[in-house]
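What follows is one structure encoded as structure tokens, with my remarks underneath.
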Amino acid sequence: MDKNIPEVRVPEEFLQVIDKTGYGTSLDQKLRVSLAIGLFVERAVTLERASELAEKPLSDFIKILSSKKIPWMEYTEEHVEDDNVAIEKYFQGE
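Going letter by letter, the sequence shown gives residues 1 to 94 in full-length UniProt numbering.
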């Protein structure tokens, strides 16, 4: 199947920085991971989708995010409320 892949010019100053990352062995791999991280941070994609775009196993992608101190799990107010309800139900059952 023929993929229609657009060509993109990446400025040299970006290439120099991206090439120094430890996200892979080739520039292509490093660029994929860098873009996936950016899309994840911007909440344009889910964690799972970002790992797919980066062509990394989810566990490896989480390690990369953690090494950069990028939170990979969001604990929302809704999660807190759900946990509080579950805890309350648990103690009522005792």
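Even for Gly, the Cβ is constructed at its ideal location relative to N, Cα and C.
Small disclaimer: the values here were computed from a predicted structure and weren't measured.
Helix or strand or just coil, what does DSSP make of R9? Here residue 9 refers to the residue found at position 9 of the sequence shown. It is coil, neither helix nor strand.
Cβ atoms of V33 and L39: under 7 angstroms apart, would you say? Along the sequence shown, read from residue 1 onward, the residue named residue 39 stands at position 39. Along the sequence shown, read from residue 1 onward, the residue named residue 33 stands at position 33. Not a contact, by the Cβ cut-off of 7 angstroms.
Compute the Euclidean distance between the alpha carbons of L31 and R49, then round it to the nearest angstrom. What you label residue 31 is simply residue 31 of the sequence shown in a count that begins at 1. What you label residue 49 is simply residue 49 of the sequence shown in a count that begins at 1. Computed Cα separation, rounded: 16 angstroms.
With a CB to CB cut of under 6 angstroms and the five nearest residues on each side skipped, what residues in its chain are close to L65? The sequence position of residue 65 within the sequence shown is 65, counting from 1. Answer for L65: W72, listed in chain order.
Measuring straight from C-alpha to C-alpha, what distance separates I70 and G24? On the sequence shown, position 70 is the one that residue 70 refers to. On the sequence shown, position 24 is the one that residue 24 refers to. Distance between the alpha carbons of I70 and G24: 18 angstroms.
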